[in-house]
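For the sequence shown, the positions run 6 to 161 when this note's numbering is used.
All residues carry an ideal CB built from backbone N, CA and C; glycine is no exception.
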Amino acid sequence: MITSIKVLVPLAILILILIIRKNRNRVLEIQFLFIVLAGGEVLQFALRNIFRRLGPSSLRLLGNIQYTFPSNQSLMAIVAYGFFAFLIIRNLKKSWASTAIIIITLLICICAGLNPIFFQTAYPSDVYAGYIFGGVWLTINIILLEVYRILPKIQF
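Dropping the structure here:
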């Protein structure tokens with residue numbers, strides 16, 4: 006439920022409001038917010054169709070074929086909540102609040118990854134791969150956001 010559209014859309018709207026109220030680079034951060042979230046969904050869909058690995062629930066019920074590699078829950082938890090945490094921490098001035106945001110984000114990501122393992126809808130390796138692919142996607146986007154933030158300040 007943590008990574009469902011019903012939770013991510015209102016959270017993205019709250020982050021959008023935070024960006025509009027607190028930032029100097031509003032347009033750039035809003036663009037990256039949508040790129041990160043939409044790109045995460047596209048990435049997990051593409052990877053699932055590239056690898057085509059059946060999950061444990063699909064092996065039991067041959068009529069319900071679902072590809073589970075990488076885990077959608079773990080990938081989107083890392084991408085969405087990681088980017089939200091990055092934007093919030095970048096706008097906060099208090100170090101104790103930044104530490105709390107990091108701990109809460111890590112707990113959310115761990116719970117999102119344990120859920121499919123607990124309910125046996127994905128293998129642990131699927132969840133691990135979701136963490137890896139999500140972390141790579143998040144890292145690339147954070148680096149690009151910072152590069153685009155610095156580029157206008159550089160004099161050639």
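- Alpha carbon to alpha carbon, what distance is there between Asp131 and Gly118? Against the sequence shown, residue 118 aligns to sequence position 113. Against the sequence shown, residue 131 aligns to sequence position 126. C-alpha separation (whole angstroms): 9 Å.
- Can the beta-carbon of Gly44 be found closer than 8 Å to that of Leu80? Taking the first residue of the sequence shown as 1, we reach residue 44 at position 39. Taking the first residue of the sequence shown as 1, we reach residue 80 at position 75. No, they are not a contact pair.
- Starting from the Cα of Trp142, find the closest Cα among Tyr86, Asn96, Lys27 and Ile10 and give me that residue. For the purposes of this step, residue 142 is taken as residue 137 along the sequence shown, with counting starting at 1. Of the candidates Tyr86, Asn96, Lys27 and Ile10, the one whose C-alpha sits nearest the C-alpha of Trp142 is Tyr86.
- Extent of the continuous alpha helix (DSSP H) run through Phe91: The residue you call residue 91 lines up with position 86 of the sequence shown. First-last of the alpha helix (DSSP H) with Phe91: Gly87 to Asn96.
- Message: Given this structure, state the Cα-to-Cα distance separating Phe167 from Ile20, to the nearest angstrom.
- Response: Residue 167 lies beyond the stretch modelled for the chain, which goes from 6 to 161, so this question has no answer here.
- Query: When you compare only the Cα positions, how much space is there between Ile147 and Phe124?
  - Reply: Here residue 147 refers to the residue found at position 142 when the sequence shown is read from its first residue. Here residue 124 refers to the residue found at position 119 when the sequence shown is read from its first residue. Here the alpha carbon of Ile147 sits roughly 32 Å from the alpha carbon of Phe124.
- Query: So, Leu149 versus Phe89, is the Cβ gap smaller than 8 Å?
  - Reply: Sequence index remark: in the sequence shown, residue 149 carries index 144 (1-based). Sequence index remark: in the sequence shown, residue 89 carries index 84 (1-based). Contact flag unset, no.
- In or out: Gln49 buried (at least 16 other Cβ within 10 Å) or exposed? Counting from 1 along the sequence shown, the entry for residue 49 is found at position 44. Buried, by the Cβ-count rule.
- Query: Got a sec? Which residues, its chain only, sit under 8 Å from Thr110 by beta carbon, not counting five neighbours each side?
  - Reply: In the sequence shown, counting from the first residue as 1, residue 110 sits at position 105. Beyond the five residues adjoining it in sequence on each side, Thr110 comes within less than 8 Å, by CB distance, of Tyr86, Gly87, Phe89 and Ala90 in the same chain, given in chain order.
- Query: Taking the C-alpha atoms as reference points, what is the distance between Leu67 and Leu97?
  - Reply: By one-based count along the sequence shown, residue 67 stands at place 62. By one-based count along the sequence shown, residue 97 stands at place 92. Because the pLDDT of Leu67 is 49, which lies under 50, any placement of that residue in the model is unreliable, and the question is left without a value.
- Task: With distances taken Cα to Cα, identify the nearest neighbour of Ile40 among Pro157, Ile145, Leu156 and Arg154.
- Result: Indexing the sequence shown from 1 puts residue 40 at position 35. In this structure, Ile145 is the residue among Pro157, Ile145, Leu156 and Arg154 with its C-alpha nearest to the C-alpha of Ile40.
- Message: DSSP three-state label for Gln160, please.
- Response: For this step, residue 160 is matched to residue 155 along the sequence shown. It is coil, neither helix nor strand.
- Task: Work out the CA separation of Ile113 and Ser9 for me, nearest whole Å.
- Result: On the sequence shown, position 4 is the one that residue 9 refers to. On the sequence shown, position 108 is the one that residue 113 refers to. C-alpha separation (whole angstroms): 13 Å.
- Should Gly140 and Pro75 be called a contact, given that it needs their Cβ atoms to be closer than 8 Å? In the sequence shown, the residue the question calls residue 140 occupies position 135. In the sequence shown, the residue the question calls residue 75 occupies position 70. Taking C-beta atoms as the reference points, Gly140 and Pro75 fail to come closer than 8 Å.
- Does Gly135 come within less than 8 Å of chain B when only Cβ atoms are used? No chain B is part of this structure, which consists of one protein chain only.
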